[in-house]
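Per our numbering, the very first residue in the sequence shown carries number 32; after that it's consecutive. Report on one structure; see the data block that follows.
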Amino acid sequence: MKLSLAFKNGAIAILGTALLLSCTASSSEQKTTTSPDSLNANPVATTADNPSEEPVINREPIDTAKYNSLSKALANGDTTGRWPVKNDVYPLAGAILPFKRVVVYYGNLHSKKMGALGEYAPQEMWQRLSEEVKRWEKIDPTTPVQAGLHYIAAVASGTPGKDGKYINRMGNKQIDSVLKIAKMKPNTIVFLDLQVALSNLKAELPHIEEYLKLPYVHLGIDPEFSMKDGSIPGKKIGTYDAADINYVSQYLADMVKKYNLPPKIFVIHRFTKKMVTNSQDIKRRPEVQMVMHMDGWGEPELKKGTYRHFIQSEPVQFTGFKIFYKNDLKKAPNRLMTPDELMKLKPIPIYIQYQ
32 MKLSLAFKNG
42 AIAILGTALL
52 LSCTASSSEQ
62 KTTTSPDSLN
72 ANPVATTADN
82 PSEEPVINRE
92 PIDTAKYNSL
102 SKALANGDTT
112 GRWPVKNDVY
122 PLAGAILPFK
132 RVVVYYGNLH
142 SKKMGALGEY
152 APQEMWQRLS
162 EEVKRWEKID
172 PTTPVQAGLH
182 YIAAVASGTP
192 GKDGKYINRM
202 GNKQIDSVLK
212 IAKMKPNTIV
222 FLDLQVALSN
232 LKAELPHIEE
242 YLKLPYVHLG
252 IDPEFSMKDG
262 SIPGKKIGTY
272 DAADINYVSQ
282 YLADMVKKYN
292 LPPKIFVIHR
302 FTKKMVTNSQ
312 DIKRRPEVQM
322 VMHMDGWGEP
332 ELKKGTYRHF
342 IQSEPVQFTG
352 FKIFYKNDLK
362 KAPNRLMTPD
372 ELMKLKPIPI
382 YIQYQ
């Protein structure tokens, strides 16, 4: 069935198969652009009591037979022939995926409206995230859970700022606070996410390079806020091409080799066709583990449709799925999708994000 796109009142509807997407986030749970003032207002306290040491990194060579078996299991009986992905590459020693499922809280410390990471003080945030981890351990006891924090390190803005790029870059102090919160629980990993707005990946990656040198820090990029045509972020949905994604994965691969790091997990948000173009040309590398992350919100059937049309249908390597604590409740049946439901998807997501 041919799908046509219509943009109306900040929402994109796919005619024939209606898909509710994250660009329509409400004021109660916001993924849209933010002003500098709002980012500086009422930051969540970041005191961490007795932070533990840095995560222990497993550097044992991977078991390729187990990798194959787990990849097949994640395909979950897929009959399209797309999963497991063809011509996959084995990762370097220390790879997390698919040996563990990554479960993270997403957000920004300076905004309670951008996600659970930032909405709650560290102790309460960890209590809530630990409950999600336990749910996943219960539903899939054969897959260990790797807890993580996914922090928006560059936030698209509705105002141009001094450089005219409509971007608010978080300073080292803020990122250091996230690392400190992560160390409250042993072996937590961290993702730094970039919303480049009118800037670009080549210009923004150096701002977080010192953190990417750490073996437990990984990367996310959000095409929704990559405004290549000069549009103001939040007015329309942005895009990345495979060439952009390949640039980043090569950048990460070079860092892994130069600093003798375990493979980096690289998360790419997606909820429309045009957010990622030429996905068939995305390169897989031993140093980088790619996650195409379903970033749309809405009722369960709509979210499953988004996943099916834009993640399952265009295989890259691994898949992710986001749960919005507030926006997913806005329409009937007014409930969140459960781990049990996500385990029935084809393929099964190995990266789970809560906002």
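Quick reminder that beta carbons are idealized off the backbone N, C-alpha and C, glycines included.
With a 10 Å radius around its C-beta and 16 neighbouring C-beta atoms as the bar for buried, classify Gly261 as buried or exposed. By the neighbour-count rule (16 or more Cβ atoms within 10 Å), Gly261 is not buried but exposed.
Which one of Lys267, Asp171, Arg315 and Gly192 has the shortest CA to CA distance from Ile276? It is Arg315 whose Cα lies nearest to the Cα of Ile276.
Pairs of beta-carbons, one from the region 283-295 and one from the region 321-328, closer than 8 Å: are there three or more? The answer is no - the region 321-328 does not touch the region 283-295, with fewer than three Cβ pairs under 8 Å.
Once DSSP output is grouped into helix, strand and coil, what is the label at Leu180? Leu180 falls in the strand class under three-state DSSP.
With 16 other Cβ atoms within 10 Å as the buried cut-off, status of Pro217: exposed
Going by beta carbon distance, what residues of the same chain come within less than 6 Å of Gly269, once the five residues before and after it are set aside? Pro254, Glu255, Phe256, Ser257 and Met258
Nonlocal neighbours in the same chain, by C-beta distance under 8 Å from Asp171, ignoring five residues either side: Once the five neighbours on either side are set aside, the close Cβ partners of Asp171 are Arg132, Pro370 and Met374.
Can you name the start and end residues of the beta strand (DSSP E) that Gln154 belongs to? Secondary structure note for Gln154: it is in no beta strand (DSSP E), and the uninterrupted alpha helix (DSSP H) holding it is Pro153 to Ile170.
Quickly, what does DSSP pair Gly138 with across the bridge? List them, please. Tyr182
Report the three-state DSSP secondary structure of Gln386 (helix, strand or coil). coil
So, with DSSP's three-state summary, where would you put Phe302? Look at Phe302 here: in three-state DSSP terms it is coil, with no helix or strand label.
In its own chain, which residues sit with a C-beta less than 7 Å from the C-beta of Met156, not counting the 5 before and 5 after it? Tyr136, Ala147 and Leu148
Taking a contact to mean a Cβ-Cβ separation below 8 Å, would you say Met201 touches Lys244 in this structure? no
In chain order, which continuous runs of the beta strand (DSSP E) of length 3 or greater are located wholly inside the region 312-353? Within the region 312-353, the complete beta strand (DSSP E) runs of at least 3 residues are 319-325.
Can we say the region 156-167 touches the region 191-207, given the rule of at least three CB pairs closer than 8 Å? no
Compute the Euclidean distance between the alpha carbons of Pro380 and Gly192, then round it to the nearest angstrom. 37 Å
Segments of 4+ residues assigned as alpha helix (DSSP H) that fall wholly inside the region 188-273: 203-213, 232-235 and 240-243
Just verifying my parser: in three-state terms, what is the DSSP assignment at Ile296? strand
Can you tell me whether Asp68 is buried or exposed, with buried defined as 16 or more other CB within 10 angstroms of its CB? Because the pLDDT at Asp68 is just 42, under 50, the model does not fix this residue reliably, and the value given afterwards should be weighed accordingly. A residue is called buried once 16 or more other Cβ atoms fall within 10 Å of its Cβ, and Asp68, having fewer, is exposed.
From Thr219, Pro264, Gly138 and Val134, residue whose alpha carbon lies closest to that of Glu168: Val134
Go through its chain and collect everything with a Cβ distance to Ile313's Cβ below 6 Å, but skip five positions before and after it. Ala273, Ile276 and Val347
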